[in-house]
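In my numbering, the protein residues as written are 1181 to 1367.
The structure under discussion appears below in the form of structure tokens.
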Amino acid sequence: MNRFRIFQKYNSWLNKYPYRTNALTTGALFGIGDIIAQEIFPKEKDLKKFDMNRTIRATTYGTVIFSVIGDKWYKTLNRISLPQLNNTNSKKKIITLLLRVSIDQILFAPFGLILYYGSMSVMNGGNLQNVRSKLNSQFWPTLYANWLVWPMVQLMNFSIVPVQYRLLCVNSIALLWNTFLSMRNAQ
């Protein structure tokens, strides 16, 4: 099956079963990111042991939580524009694009990290104190790293990718980001 047919099949599933398709795709990419983190960048003490439960947690987070929130977020963000900027003037389109990226990075990036670290801590059997501890140690360094990567990605995503494919675009690029998140979460 060539790549074009794979994309046609994916597009067909996305049109018929948008939530299911996004959930399976997002979950798979979160799981693969965790596998990469464990196999290519293992912690010293974990060199010989693959943690399947950790991969299941990452896959579950991607499937059940991020896929739903991410899909809704990109559709909502696509509707955001200032009323006076709705014409075809390219300067106004650029301002709308920058507004969307700014809102994404100021609101969703911090929220997403809190949700990720909180969910992963709870799924790992942690309590509120564990969540606080994880956020205290990982939130700001991860958010700074996020701001080095995602604004440029989102500029391209919001400017050239149709809204129904934005979650897939982010998930594809996020394979490396998910690897990074999984490594940070394991610390």
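Each residue gets a CB set at the ideal place from its N, CA and C atoms; glycine is no exception.
The Cβ atoms of C1349 and N1337 lie closer than 7 angstroms to each other. Exclusion of the five residues before and after N1202 leaves S1247, D1251 and L1347 as the residues of its chain whose Cβ lies within less than 6 angstroms of its Cβ. Sequence-distant Cβ neighbours of V1281 in its own chain, meaning closer than 7 angstroms and more than five residues away, are P1331, Q1334, L1335 and F1338.
Rounded to the nearest angstrom, the gap between the Cα atoms of N1307 and V1329 is 30 angstroms. If you look at F1338, you'll find it in the alpha helix (DSSP H) that goes L1308 to I1340. With a contact defined as Cβ atoms closer than 8 angstroms, L1315 and I1294 qualify at about 7 angstroms. A buried status is given to I1245, since no fewer than 16 other beta-carbon atoms sit within 10 Å of its beta-carbon.
Here I1353 carries a helix assignment [DSSP, helix/strand/coil]. Remark: C-beta atoms of T1256 and G1211 do not approach each other more closely than 7 angstroms.
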